[in-house]
Structures are given as C-alpha cells and as structure tokens.
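All remarks here apply to the structure that follows.
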Amino acid sequence: KKDQARASKKHYDANKKKIKHRSYKRNKVQRAKNIAYVKEIKRTTPCIDCGELNPVLLEFDHVRGDKYRCISDMVMGSYSIETIQKEIDKCDVRCANCHRLITHKRRVKKRDE
C-alpha cells in the first residue's frame, strides 16, 4: 500500500501541470452542465407560494431532510447532477421574497417554542 502511495505521488509530481489542467477542463464542463440543469429547473418551476416565474428570482428552500450543501455551491463545486438532484429533492422552489418571509416565520416560531 505504501508503495502504491509513493508511486501515485511520484506520478502526480511528474505530471502535476497536466493533471491539474485535465481536472480544470473536466470541472469546467461539469459546471456548465450543472448550471444548465439548475437553470432549466428554475425556468420550468414557479414559486410554490406565489407562482413567480422569473428564474432569476427563484431559490431552493431546504424543507425536507438534512441540508448537505447549498445547491449553488454544489453546482459550482462540480458535483454530479445526480448528487445535486438528491439535494434538490429536499427543496421547494420559492422566489426570494417568499423564501425570506417563510424563513423568518420559521425562525420566529422556533424561537418562541
């Protein structure tokens, strides 16, 4: 196992520039796919509360299960679409106004309990 680790490190050190460039290109392609995927969801899904359709105003509100990460961080972090979709499944789509209002109500309710 140590020999394998040494060999991997040696290979990486000898090819660092090429490996980083390949990784950069692969991540750039994945990010573009992720952005298009999330944009399409927002383009076709109105705010669950008020029906707002402008995708620029729409956000993902985590309401089910435990939040792993923000969707935007996952998109830019080059996560797979499958992983992003699992996180989206925990969310409702809300416009920024409705999202702020409901988040405030949740916090007040939690504080008052």
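Residue numbers (this note's numbering): 23 to 135. A virtual CB, placed ideally from N, CA and C, is assigned to each residue, including glycine.
Within a 10 Å sphere around the beta-carbon of Y101 sit 16 or more other beta-carbons, which makes this residue buried.
Assignment of E109 by DSSP, reduced to helix, strand and coil, places it in the helix class.
The three-state reading of DSSP puts L123 in helix, counting H, G and I together. Around the C-beta of R65, fewer than 16 other C-beta atoms lie within 10 Å, and the residue is accordingly described as exposed. Assignment of V85 by DSSP, reduced to helix, strand and coil, places it in the coil class.
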